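Following: one structure in C-alpha coordinates, then a few remarks.
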Amino acid sequence: MYDLIVKGGTVVDPSQNLHGLSDVAIEDGKIARIAVDIPAEEAKRVVEVKGKVVTPGLIDIHTHVYAGVTDNGVDPDIGGVRAGVTTMVDAGSSGCDTFAGFPAHIIPNTATEIIVFLHICRTGLATNPDIFSPQSIDLDKTIQTIKDSKGVITGVKARMVSPALEIMGMEMPKMAKRAAVEAGVPLMVHIGDTLKRYDANVIRELLPILDKGDIVTHYFTGNPGGVLDSNGKLVPEAKEAHDRGVWLDTAHGRMNFTFDVAQKVLDQGVLPHCISTDLTVPGRQITVHSMTEMMTRFLAMGFTFDQVV
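This is the structure we're talking about:
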(Lines of atoms letter the chains of each structure in order from A and count residues from 1; the text may use other names and numbers.)
(Lines give C-alpha, C1' and ligand atoms only; values in the text may rest on other atoms or scores of the structure.)
Protein backbone atom coordinates (compact mmCIF):
# COMPACT_ATOMS: atom_id res chain seq x y z
CA MET A 1 0.00 0.00 0.00
CA TYR A 2 1.23 3.47 -0.88
CA ASP A 3 1.65 6.11 1.80
CA LEU A 4 0.14 8.83 -0.37
CA ILE A 5 -1.50 9.39 -3.75
CA VAL A 6 -1.48 12.89 -5.23
CA LYS A 7 -4.55 12.54 -7.40
CA GLY A 8 -5.98 14.24 -10.47
CA GLY A 9 -3.33 16.86 -11.19
CA THR A 10 -1.49 17.77 -14.37
CA VAL A 11 1.91 16.13 -14.01
CA VAL A 12 4.68 18.07 -15.75
CA ASP A 13 8.16 16.55 -15.88
CA PRO A 14 9.96 17.39 -19.13
CA SER A 15 12.89 15.14 -18.17
CA GLN A 16 10.53 12.17 -18.58
CA ASN A 17 8.41 13.68 -21.37
CA LEU A 18 5.43 13.88 -19.02
CA HIS A 19 2.74 16.51 -19.41
CA GLY A 20 -0.79 15.36 -18.71
CA LEU A 21 -3.35 14.23 -16.16
CA SER A 22 -1.87 11.59 -13.89
CA ASP A 23 -1.74 10.43 -10.30
CA VAL A 24 1.49 10.22 -8.34
CA ALA A 25 1.93 7.51 -5.71
CA ILE A 26 4.49 7.93 -2.96
CA GLU A 27 5.98 5.24 -0.75
CA ASP A 28 8.72 5.59 1.88
CA GLY A 29 9.28 9.20 0.88
CA LYS A 30 9.88 8.41 -2.78
CA ILE A 31 7.78 8.48 -5.93
CA ALA A 32 6.74 4.89 -6.52
CA ARG A 33 4.40 5.22 -9.50
CA ILE A 34 3.03 7.75 -11.97
CA ALA A 35 -0.09 6.61 -13.80
CA VAL A 36 -3.61 7.61 -14.78
CA ASP A 37 -6.27 6.87 -12.12
CA ILE A 38 -4.39 4.91 -9.47
CA PRO A 39 -7.14 3.47 -7.19
CA ALA A 40 -7.57 5.54 -4.05
CA GLU A 41 -7.91 2.41 -1.91
CA GLU A 42 -4.28 1.58 -2.65
CA ALA A 43 -3.05 4.42 -0.42
CA LYS A 44 -3.24 5.36 3.25
CA ARG A 45 -3.90 8.97 2.26
CA VAL A 46 -5.16 10.72 -0.88
CA VAL A 47 -4.72 14.39 -1.74
CA GLU A 48 -6.98 15.66 -4.52
CA VAL A 49 -5.22 18.22 -6.75
CA LYS A 50 -7.59 18.52 -9.70
CA GLY A 51 -6.86 21.73 -11.61
CA LYS A 52 -3.36 22.03 -10.18
CA VAL A 53 0.10 21.35 -11.60
CA VAL A 54 2.32 18.67 -10.09
CA THR A 55 6.06 18.88 -10.81
CA PRO A 56 9.19 17.28 -9.40
CA GLY A 57 10.66 19.21 -6.51
CA LEU A 58 12.17 22.40 -7.90
CA ILE A 59 15.90 23.15 -7.58
CA ASP A 60 17.12 26.69 -6.93
CA ILE A 61 20.85 26.93 -7.66
CA HIS A 62 21.35 30.49 -6.38
CA THR A 63 20.06 31.41 -2.93
CA HIS A 64 21.36 32.92 0.30
CA VAL A 65 20.09 30.97 3.28
CA TYR A 66 22.73 31.43 5.97
CA ALA A 67 20.01 32.70 8.30
CA GLY A 68 21.28 34.35 11.47
CA VAL A 69 24.84 34.65 10.16
CA THR A 70 24.54 37.07 7.24
CA ASP A 71 22.06 39.92 6.87
CA ASN A 72 20.93 38.40 3.56
CA GLY A 73 20.16 34.94 4.91
CA VAL A 74 16.59 33.70 4.44
CA ASP A 75 15.13 30.88 6.53
CA PRO A 76 15.71 28.05 4.01
CA ASP A 77 12.29 26.44 4.28
CA ILE A 78 10.48 29.71 3.49
CA GLY A 79 11.94 29.73 0.00
CA GLY A 80 12.38 25.97 -0.01
CA VAL A 81 9.85 23.23 0.72
CA ARG A 82 7.11 25.73 1.60
CA ALA A 83 7.49 27.18 -1.91
CA GLY A 84 7.88 23.97 -3.93
CA VAL A 85 11.69 23.98 -3.87
CA THR A 86 13.19 20.80 -2.45
CA THR A 87 16.87 21.59 -3.07
CA MET A 88 18.65 24.92 -2.63
CA VAL A 89 22.23 25.93 -3.34
CA ASP A 90 23.60 28.59 -1.04
CA ALA A 91 25.75 30.65 -3.42
CA GLY A 92 28.66 31.96 -1.42
CA SER A 93 27.14 33.17 1.84
CA SER A 94 29.97 31.45 3.71
CA GLY A 95 33.72 31.27 3.24
CA CYS A 96 36.34 28.99 4.72
CA ASP A 97 36.34 30.93 8.02
CA THR A 98 32.55 30.96 8.42
CA PHE A 99 31.29 27.72 6.84
CA ALA A 100 31.04 25.64 10.02
CA GLY A 101 27.57 26.91 10.91
CA PHE A 102 26.01 25.24 7.88
CA PRO A 103 26.60 21.60 8.91
CA ALA A 104 26.27 22.43 12.61
CA HIS A 105 23.08 24.50 12.60
CA ILE A 106 21.42 25.24 9.25
CA ILE A 107 21.32 21.84 7.55
CA PRO A 108 20.21 19.72 10.58
CA ASN A 109 17.29 22.08 11.26
CA THR A 110 16.02 22.41 7.70
CA ALA A 111 13.61 20.19 5.77
CA THR A 112 14.89 21.53 2.44
CA GLU A 113 18.05 19.93 1.07
CA ILE A 114 20.87 22.50 1.30
CA ILE A 115 24.14 22.31 -0.58
CA VAL A 116 26.82 24.98 -0.46
CA PHE A 117 29.03 26.85 -2.89
CA LEU A 118 31.89 28.26 -0.79
CA HIS A 119 32.85 31.91 -1.37
CA ILE A 120 36.48 32.47 -2.34
CA CYS A 121 36.41 35.23 0.29
CA ARG A 122 37.33 33.82 3.70
CA THR A 123 34.32 35.36 5.43
CA GLY A 124 31.79 34.90 2.64
CA LEU A 125 29.14 37.61 2.70
CA ALA A 126 29.52 38.38 6.40
CA THR A 127 30.99 41.78 5.49
CA ASN A 128 30.26 44.35 2.81
CA PRO A 129 32.37 44.56 0.74
CA ASP A 130 33.30 40.92 0.88
CA ILE A 131 36.83 41.19 -0.55
CA PHE A 132 38.69 44.34 0.50
CA SER A 133 42.32 43.15 0.24
CA PRO A 134 44.28 40.14 -1.07
CA GLN A 135 44.28 38.87 2.53
CA SER A 136 40.53 38.34 2.19
CA ILE A 137 41.38 35.09 0.38
CA ASP A 138 43.04 32.02 1.91
CA LEU A 139 43.38 29.68 -1.03
CA ASP A 140 44.80 26.67 0.82
CA LYS A 141 42.19 26.82 3.60
CA THR A 142 39.40 27.21 1.04
CA ILE A 143 40.50 24.07 -0.80
CA GLN A 144 40.87 22.09 2.42
CA THR A 145 37.49 23.23 3.74
CA ILE A 146 35.82 21.92 0.58
CA LYS A 147 37.64 18.59 0.82
CA ASP A 148 36.73 18.21 4.50
CA SER A 149 33.04 19.07 4.03
CA LYS A 150 31.88 15.51 3.30
CA GLY A 151 30.09 16.58 0.15
CA VAL A 152 28.18 19.50 1.65
CA ILE A 153 30.25 21.98 -0.37
CA THR A 154 29.78 21.29 -4.07
CA GLY A 155 31.24 24.42 -5.65
CA VAL A 156 33.19 27.68 -5.33
CA LYS A 157 31.67 31.16 -5.71
CA ALA A 158 33.35 34.36 -6.90
CA ARG A 159 31.83 37.80 -7.47
CA MET A 160 33.04 40.04 -10.32
CA VAL A 161 32.31 43.27 -8.45
CA SER A 162 34.10 46.30 -7.05
CA PRO A 163 36.15 46.78 -4.96
CA ALA A 164 37.43 43.21 -5.39
CA LEU A 165 38.11 43.75 -9.09
CA GLU A 166 39.76 47.12 -8.46
CA ILE A 167 42.05 45.55 -5.87
CA MET A 168 42.86 42.20 -7.51
CA GLY A 169 41.58 42.30 -11.09
CA MET A 170 41.43 38.93 -12.85
CA GLU A 171 43.68 37.39 -10.21
CA MET A 172 40.62 37.01 -7.96
CA PRO A 173 38.51 34.78 -10.28
CA LYS A 174 41.65 32.90 -11.32
CA MET A 175 42.28 32.04 -7.67
CA ALA A 176 38.67 30.91 -7.35
CA LYS A 177 39.06 28.74 -10.44
CA ARG A 178 42.22 27.21 -9.02
CA ALA A 179 40.41 26.39 -5.78
CA ALA A 180 37.57 24.78 -7.72
CA VAL A 181 39.89 22.70 -9.89
CA GLU A 182 42.03 21.51 -6.98
CA ALA A 183 38.95 20.63 -4.92
CA GLY A 184 37.22 18.94 -7.86
CA VAL A 185 34.10 21.13 -7.89
CA PRO A 186 32.61 23.69 -10.33
CA LEU A 187 33.01 27.45 -10.12
CA MET A 188 30.05 29.83 -10.05
CA VAL A 189 30.82 33.43 -11.00
CA HIS A 190 28.58 36.44 -10.38
CA ILE A 191 28.85 38.81 -13.36
CA GLY A 192 27.82 42.47 -13.40
CA ASP A 193 29.50 45.07 -11.20
CA THR A 194 26.68 46.44 -9.05
CA LEU A 195 28.83 49.45 -8.11
CA LYS A 196 29.43 50.14 -11.82
CA ARG A 197 33.10 51.01 -11.34
CA TYR A 198 35.09 48.38 -13.24
CA ASP A 199 35.79 47.93 -16.96
CA ALA A 200 32.82 46.16 -18.58
CA ASN A 201 35.17 44.24 -20.90
CA VAL A 202 36.29 42.09 -17.97
CA ILE A 203 33.60 39.61 -19.08
CA ARG A 204 35.69 38.81 -22.15
CA GLU A 205 38.63 37.88 -19.93
CA LEU A 206 36.51 35.90 -17.51
CA LEU A 207 34.51 33.60 -19.78
CA PRO A 208 37.51 31.83 -21.39
CA ILE A 209 38.73 30.53 -18.01
CA LEU A 210 35.44 28.72 -17.37
CA ASP A 211 34.99 25.06 -18.23
CA LYS A 212 32.11 22.66 -18.77
CA GLY A 213 30.01 22.55 -15.61
CA ASP A 214 31.07 25.97 -14.36
CA ILE A 215 28.27 28.51 -13.92
CA VAL A 216 27.83 32.13 -14.97
CA THR A 217 25.16 33.63 -12.74
CA HIS A 218 23.15 36.81 -13.50
CA TYR A 219 23.15 36.10 -17.23
CA PHE A 220 20.60 38.90 -17.83
CA THR A 221 22.30 41.57 -15.73
CA GLY A 222 22.25 45.14 -16.96
CA ASN A 223 25.28 46.08 -14.88
CA PRO A 224 28.75 46.62 -16.42
CA GLY A 225 30.51 43.33 -17.05
CA GLY A 226 27.44 41.55 -18.40
CA VAL A 227 27.30 39.53 -21.62
CA LEU A 228 26.24 42.38 -23.93
CA ASP A 229 28.74 44.81 -25.40
CA SER A 230 28.18 48.56 -25.75
CA ASN A 231 26.23 47.97 -28.97
CA GLY A 232 23.86 45.45 -27.40
CA LYS A 233 25.56 42.50 -29.07
CA LEU A 234 26.31 39.29 -27.21
CA VAL A 235 30.06 39.05 -26.66
CA PRO A 236 31.36 36.08 -28.70
CA GLU A 237 32.90 34.52 -25.60
CA ALA A 238 29.38 33.99 -24.20
CA LYS A 239 28.28 31.73 -27.03
CA GLU A 240 31.63 29.95 -26.94
CA ALA A 241 31.18 29.32 -23.22
CA HIS A 242 27.63 28.07 -23.79
CA ASP A 243 28.79 25.73 -26.54
CA ARG A 244 31.50 24.14 -24.39
CA GLY A 245 29.07 23.44 -21.54
CA VAL A 246 29.31 26.43 -19.22
CA TRP A 247 25.94 26.89 -17.51
CA LEU A 248 24.20 30.24 -17.96
CA ASP A 249 22.04 30.97 -14.92
CA THR A 250 19.62 33.88 -14.67
CA ALA A 251 19.54 34.50 -10.87
CA HIS A 252 17.09 37.39 -10.73
CA GLY A 253 18.07 39.04 -7.45
CA ARG A 254 17.48 42.68 -6.55
CA MET A 255 19.57 44.44 -9.21
CA ASN A 256 20.88 41.76 -11.54
CA PHE A 257 18.04 41.11 -13.97
CA THR A 258 16.85 43.41 -16.76
CA PHE A 259 14.05 42.52 -19.16
CA ASP A 260 15.62 44.65 -21.90
CA VAL A 261 18.89 42.74 -21.61
CA ALA A 262 17.03 39.45 -21.48
CA GLN A 263 15.18 40.22 -24.70
CA LYS A 264 18.36 41.26 -26.51
CA VAL A 265 20.14 38.09 -25.41
CA LEU A 266 17.21 35.85 -26.34
CA ASP A 267 16.91 37.53 -29.74
CA GLN A 268 20.50 36.43 -30.38
CA GLY A 269 19.62 32.81 -29.70
CA VAL A 270 21.71 31.86 -26.67
CA LEU A 271 19.20 30.67 -24.07
CA PRO A 272 19.91 30.29 -20.36
CA HIS A 273 20.19 26.83 -18.87
CA CYS A 274 18.28 27.49 -15.67
CA ILE A 275 16.17 29.85 -13.61
CA SER A 276 17.17 30.76 -10.07
CA THR A 277 16.15 33.40 -7.56
CA ASP A 278 19.22 34.84 -5.79
CA LEU A 279 16.87 34.75 -2.80
CA THR A 280 17.76 37.14 0.05
CA VAL A 281 15.98 38.85 2.92
CA PRO A 282 16.14 42.29 1.22
CA GLY A 283 15.12 40.74 -2.09
CA ARG A 284 11.98 39.24 -0.57
CA GLN A 285 10.96 42.75 0.45
CA ILE A 286 11.31 44.06 -3.11
CA THR A 287 11.50 41.84 -6.18
CA VAL A 288 12.13 38.17 -5.39
CA HIS A 289 9.70 36.18 -3.26
CA SER A 290 9.82 32.63 -4.64
CA MET A 291 11.03 30.39 -7.42
CA THR A 292 7.54 30.05 -8.88
CA GLU A 293 7.29 33.83 -9.11
CA MET A 294 10.52 33.86 -11.12
CA MET A 295 9.10 31.16 -13.37
CA THR A 296 6.09 33.33 -14.23
CA ARG A 297 8.43 36.05 -15.47
CA PHE A 298 9.91 33.63 -17.97
CA LEU A 299 6.45 32.65 -19.11
CA ALA A 300 5.85 36.36 -19.70
CA MET A 301 8.98 36.46 -21.86
CA GLY A 302 7.60 33.74 -24.11
CA PHE A 303 9.11 30.55 -22.70
CA THR A 304 6.82 27.53 -22.74
CA PHE A 305 5.60 25.99 -19.50
CA ASP A 306 7.72 22.89 -20.11
CA GLN A 307 10.81 25.01 -20.75
CA VAL A 308 10.27 26.87 -17.51
CA VAL A 309 9.86 23.68 -15.48
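All residue numbers for the sequence shown refer to the numbering used here, where the first residue is 1340 and numbers rise by one. Positions of the beta carbon are idealized from the N, C-alpha and C atoms, including for glycine. None of these values were measured; they are calculated from a predicted model.
Which one of the options has the shortest CA to CA distance from residue i?
i       : options                            : result
Glu1366 : Met1340, Val1585, Thr1631, Phe1456 : Met1340
Lys1551 : Gly1564, Gly1523, Glu1632          : Gly1523
Val1585 : Ile1506, Asp1553, Ala1450          : Asp1553
Ala1465 : Leu1638, Thr1493, Val1408, Thr1643 : Val1408
Ile1470 : Tyr1405, Phe1456, Gly1434, Ala1439 : Gly1434
Ile1614 : Asp1599, Val1647, Pro1621, Gly1641 : Val1647
Ala1382 : Lys1389, Lys1391, Val1363, Leu1397 : Val1363
Glu1632 : Arg1498, Leu1605, Ala1371, Ala1590 : Ala1590
Asn1411 : Asp1568, Gly1592, Ala1515          : Gly1592
Leu1577 : Asp1599, Asn1595, Met1594, Glu1544 : Looking at the sequence shown, residue 1577 is not Leu but Ala. Checking every option, the nearest Cα to that of Ala1577 belongs to Glu1544.
Ser1472 : Gly1508, Asn1595, Ile1370          : Gly1508
Asp1487 : Pro1512, Asp1582, Pro1442          : Pro1442
Val1627 : Gly1440, Ile1417, Thr1484          : Ile1417
His1444 : Ala1406, Ile1373, Arg1623, Ala1371 : Ala1406
Pro1621 : Pro1378, Gln1355, His1403, Ile1377 : His1403
Ser1354 : Gly1463, Glu1505, Pro1395, Arg1636 : Pro1395
Phe1456 : Pro1512, Ile1485, Met1511, Ser1475 : Ile1485
I'd like to check one pair, residue j with residue i: are the Cβ atoms closer than 7 Å?
i       : j       : result
Thr1616 : Met1630 : yes
Arg1308 : Asp1477 : The question about residue 1308 has no answer here: the residues shown for the chain are numbered 1340 through 1648.
Gly1431 : Val1393 : no
His1401 : Thr1556 : yes
Gly1490 : Ile1530 : no
Ile1542 : Val1574 : yes
Lys1346 : Glu1380 : no
Thr1597 : Gly1641 : no
Ile1344 : Val1385 : yes
Ile1454 : Val1413 : no
Thr1437 : Pro1415 : no
Gly1359 : Leu1397 : no
Gly1571 : Lys1603 : yes
Leu1638 : His1612 : no
Phe1559 : Ala1601 : yes
Ala1497 : Val1520 : no
Val1495 : Leu1526 : yes
Ile1500 : Thr1533 : Inspection of the sequence shows that residue 1500 is occupied by Val rather than by Ile. In contact: Val1500 and Thr1533 (Cβ atoms closer than 7 Å).
Ser1361 : Val1351 : no
Ile1482 : Ala1518 : yes
Leu1546 : Ala1515 : no
Pro1447 : Pro1468 : no
Need the endpoints of the alpha helix (DSSP H) that residue i sits in, please.
i       : result
Val1647 : 1644-1647
His1581 : 1575-1582
Val1620 : 1620-1623
Phe1598 : 1598-1606
Leu1638 : 1630-1639
Asp1588 : Not the alpha helix (DSSP H): Asp1588 falls in the beta strand (DSSP E), residues 1586-1588.
Gln1483 : 1478-1486
Asp1416 : 1415-1418
In terms of residues, what are the limits of the beta strand (DSSP E) holding residue i?
i       : result
Lys1297 : With the chain running from 1340 to 1648 in the structure shown, residue 1297 is simply not present.
Leu1357 : 1357-1366
Leu1464 : No beta strand (DSSP E) contains Leu1464, which DSSP labels as neither H nor E.
Return the bridge partner residues of residue i from the DSSP annotation.
i       : result
Ile1530 : None, per the DSSP bridge assignment.
Leu1397 : Val1424
His1458 : Lys1496
Lys1346 : Glu1387
Cys1613 : Asp1588
Val1392 : Thr1349
Glu1650 : For residue 1650 there is no data in the structure shown, the boundaries of the chain being 1340 and 1648.
Tyr1341 : Ala1382
Ser1406 : Going by the sequence as given, residue 1406 is Ala instead of Ser. Per DSSP, Thr1409.
Could one say the Cβ of residue i lies closer than 7 Å to chain B's Cβ atoms, at least one of them?
i       : result
Asp1553 : Protein chain content of the structure displayed is limited to a single chain, and chain B is not contained in it.
Problem - Runs of alpha helix (DSSP H) lying entirely within the segment 1491-1519, each at least 4 residues, in chain order - result: Those alpha helix (DSSP H) runs which fall completely within the segment 1491-1519 and span 4+ residues are 1503-1507.
Exercise for the section: Report the residue ranges of all beta strand (DSSP E) runs contained in full by the segment 1531-1571; include only those spanning at least 3 residues, in chain order. Expected result: Taking only runs of at least 3 residues, the beta strand (DSSP E) segments lying wholly in the segment 1531-1571 are 1554-1556.
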